[in-house]
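Terminal number for the sequence shown in this note's numbering: 607, no gaps in between.
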Amino acid sequence: MLRLRLIVVCAAALLAGAAPAGELRCDYWPSSYVPHELVDIPVLMDVGFWVHVLNQDEVIKLRQVSIHDHEGCLDLEVLCNFKLTLSCSITPTDAIEGQYSCSMQGADIDPPEGIATVCAQLEDAKLGGQPGGSRDVHVATVTIRVVPR
């Protein structure tokens, strides 16, 4: 009887000091070979800044406003995961001389999406640089920039 009590007390002591998480101790696998949960491990990641212009393959087509002034605009569809501000710059190709400029409307975009309008202007165009009737002459490139706000 004393021996049985000693065994019960030892078994209770062993159960009270159960193995810490991530450790499984046993002399035999319980029941059948069934998987037992051992530990839960958190998975973490850093989320970077992300922005995408959906219609980036479209072009800005300049249209004549007056004899030497031309203007064209394009609505940019922007997807993002942060608040941002867009800006633009324009670089002429020297196909047509003149004063080139660009502007942005709706430049502040909030996630998840928004639309900004970029416009290109050509003033005092020297139209003698290309033969009359030329179509789709590449006269400038607009560069869009982004910064978090």
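For glycine and all other residues, C-beta sits at the position ideal for the given N, C-alpha and C.
Every value quoted in this text rests on a predicted model; they were computed, and no experiment measured them.
Opening and closing residue of the beta strand (DSSP E) in which residue i lies
i: V492; result: Unbroken run through V492: none, as it is neither H nor E.
Three-state secondary structure assigned by DSSP to residue i
i: L585; result: helix
i: G591; result: coil
i: P569; result: coil
i: I602; result: strand
i: R607; result: coil
i: V597; result: coil
i: R483; result: coil
i: G506; result: coil
For residue i, the residue or residues it bridges with in DSSP
i: M562; result: V576
Length of the line joining the Cα atoms of residue i and residue j
i: K584; j: E516; result: 26 Å
i: I602; j: V511; result: 10 Å
i: V492; j: V501; result: 25 Å
i: T543; j: L482; result: 54 Å
i: V605; j: S545; result: 8 Å
i: A586; j: V600; result: Here residue 586 is Gly; the residue named in the question, Ala, does not match the sequence. Their backbone Cα atoms lie some 23 Å apart in a straight line.
i: G591; j: V505; result: 51 Å
Original post:
Do three or more CB pairs link the segment 588 to 596 to the segment 527 to 540 at distances below 8 Å?
Top reply: These segments do not touch.
**OP:** Inspect the CB distances between the segment 533 to 545 and the segment 564 to 572 and report whether three or more fall short of 8 Å.
**Re:** Result yes; three or more Cβ-Cβ pairs closer than 8 Å.
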